[in-house]
Amino acid sequence: MLRRPSRLLLALAAGSLLASLLRAEVAAAQDLVGCQLVGATLQCVPGVTESPQQQILQLEQQISTDIQLEGTVQQRINGLQQLVLAGNAAVGTMLTATAVADAQAALPTANYHWYRLKPGQRTWVLIEGATGTTYVPGTLDVGQNLMVVAVVNQNGQVKRVASAPVGPVR
Numbered sequence: 395m396l397r398r399p400s401r402l403l404l405a406l407a408a409g410s411l412l413a414s415l416l417r418a419e420v421a422a423a424q425d426l427v428g429c430q431l432v433g434a435t436l437q438c439v440p441g442v443t444e445s446p447q448q449q450i451l452q453l454e455q456q457i458s459t460d461i462q463l464e465g466t467v468q469q470r471i472n473g474l475q476q477l478v479l480a481g482n483a484a485v486g487t488m489l490t491a492t493a494v495a496d497a498q499a500a501l502p503t504a505n506y507h508w509y510r511l512k513p514g515q516r517t518w519v520l521i522e523g524a525t526g527t528t529y530v531p532g533t534l535d536v537g538q539n540l541m542v543v544a545v546v547n548q549n550g551q552v553k554r555v556a557s558a559p560v561g562p563v564r
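Residues 395 to 564 in our numbering are what the sequence shown lists, from first letter to last.
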């Protein structure tokens, strides 16, 4: 003879199932970077959402913005095809910046600024006093990449073009 389960037994089973589901939800919430479960609410660091998909979209947008910002250094200087660095990236060896221009181009006088980038960093640092078309790397440059930026005032607009980086300096 089959008996119907009592309401109490059904309520206990439902409660146990609900508790299991909540524990799984809490464990998943704790895995979200920048979020934690406080009491019964999920709290995230400002700018971080509780949705992993939303976090991925935000990171992709930040990367896209960074790439766009890096590209803004490359502005076209009328008549300049490229800025080339010649020489070995080694301590005591001279590096020379050469402007490759169109045959008929009359380039304005450029100011040159040299920069170094430490491994693992994203920000180029100006090398104080390095302002000409040549630069001789020193011991401070060992292990770092170098580049030069030509800056001109062309028709009232300041324009910049960067060379390709060289290095790391040996």
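Note that CB positions come from ideal geometry on N, CA and C, so glycine has one too.
With distances taken from CA atoms, which of the options is nearest residue i?
{"i": "Ala-524", "options": "Val-536, Gly-537, Leu-511 and Asn-505", "result": "Asn-505"}
{"i": "Ala-544", "options": "Gly-550, Val-478, Thr-487 and Gln-448", "result": "Val-478"}
{"i": "Val-560", "options": "Asn-549, Val-546 and Asn-539", "result": "Asn-539"}
{"i": "Gln-548", "options": "Lys-512, Ala-500, Gln-455 and Gly-514", "result": "Ala-500"}
{"i": "His-507", "options": "Asp-496, Glu-454, Glu-522 and Thr-435", "result": "Glu-522"}
{"i": "Val-542", "options": "Leu-431, Gln-515 and Thr-492", "result": "Thr-492"}
Does the Cβ of residue i lie closer than 8 Å to at least one heavy atom of the ligand NAD?
{"i": "Val-552", "result": "The ligand NAD is absent from the structure shown, which contains no ligand whatsoever."}
Tell me, to the nearest whole angstrom, how far the beta carbon of residue i is from that of residue j; I am working on the premise that it is less than 8 Å.
{"i": "Thr-527", "j": "Val-485", "result": "With 8 Å as the limit, Thr-527 and Val-485 do not qualify as a contact, their Cβ atoms being about 19 Å apart."}
Give me, in chain order, the residues of the same chain whose beta-carbon lies closer than 6 Å to that of residue i; leave out the 5 immediate sequence neighbours on both sides.
{"i": "Val-530", "result": "Met-488"}
{"i": "Ala-483", "result": "Val-560, Gly-561 and Val-563"}
{"i": "Gln-476", "result": "Val-494"}
{"i": "Ala-558", "result": "none"}
{"i": "Leu-415", "result": "At Leu-415 the pLDDT is 49, less than 50, meaning the model places this residue with poor confidence; the figure from the coordinates comes in the next sentence. Hits under 6 Å: none found."}
What are the start and end residues of the beta strand (DSSP E) that includes residue i?
{"i": "Leu-501", "result": "It is not in any beta strand (DSSP E) - Leu-501 carries neither H nor E in the DSSP assignment."}
{"i": "Met-488", "result": "Counting along the chain, Met-488 falls outside any beta strand (DSSP E), and DSSP gives it neither H nor E."}
{"i": "Val-545", "result": "539-548"}
{"i": "Lys-553", "result": "551-556"}
Are the beta-carbon atoms of residue i and residue j separated by less than 9 Å?
{"i": "Thr-503", "j": "Val-555", "result": "no"}
{"i": "Val-573", "j": "Asp-535", "result": "As shown, the chain starts at 395 and ends at 564. That puts residue 573 outside it, with no answer to give."}
{"i": "Pro-513", "j": "Gly-537", "result": "yes"}
For residue i, which residues in the same chain have their Cβ closer than 7 Å to its Cβ, ignoring the five residues on either side in sequence?
{"i": "Gly-481", "result": "Thr-487, Met-488, Leu-489 and Thr-490"}
{"i": "Gln-455", "result": "none"}
Taking 8 Å as the limit between beta carbons, can you name the residues of its chain near residue i, skipping five residues before and five after?
{"i": "Val-519", "result": "Tyr-509, Arg-510, Leu-511 and Lys-512"}
{"i": "Ala-421", "result": "The pLDDT assigned to Ala-421 is 48, lower than 50, so where the model puts this residue is not dependable, and the model offers no usable value."}
{"i": "Thr-517", "result": "Leu-511"}
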